[in-house]
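Written below as structure tokens is the structure these notes are about.
Residue numbers (full-length UniProt numbering): 1 to 121.
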């Protein structure tokens, strides 16, 4: 599927996961604040390991927090070292769980890089 077709399909879809997210600034508090941040989700590490065994090994996590607290891999991109500005190395195996409101940007960048270097997987 081309990047444009994917973008249109993604733009037409309504993605609204409803799992609660606990604000990390209040973890130590007696009363935890539960908020819904629909752009900040961590993929389950156990499921990631299964995906990594089946489709990996992955070499780069494309979207993690700057402190690495939600990174699935030791090499990761974050807001100030953005995947969207990275030139991918040949043979790079990218794991991607970007903010839901940016999925199309991450996939378009990946597809552009893949077109540029046909051996990126």
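Heads up, the beta-carbon is just placed ideally off N, CA and C, and yes, glycines get one too. All figures in this text were calculated on a predicted structure; none of them were measured in a lab.
Residue i to residue j span [Cα, whole Å]
i	j	result
residue 15	residue 89	With a pLDDT of 41 at residue 15, under the threshold of 50, the predicted position of this residue should be treated as unreliable, though the coordinate-derived value follows. Their backbone Cα atoms lie some 31 Å apart in a straight line.
residue 100	residue 56	22 Å
residue 52	residue 116	24 Å
residue 96	residue 78	12 Å
C-beta atoms of residue i and residue j nearer than 8 Å
i	j	result
residue 75	residue 60	yes
residue 45	residue 72	yes
residue 111	residue 84	no
Beta-bridge pairing of residue i - partner residues as DSSP gives them
i	result
residue 78	81
residue 41	The partner list for residue 41 (beta bridge, DSSP) is empty, contrary to what the question assumes.
Residue i, DSSP secondary structure in three states
i	result
residue 46	helix
residue 61	strand
Residue from the options whose Cα sits closest to the Cα of residue i
i	options	result
residue 64	42, 91, 46	42
residue 91	54, 114, 53, 108	114
residue 108	54, 62, 47, 80	62
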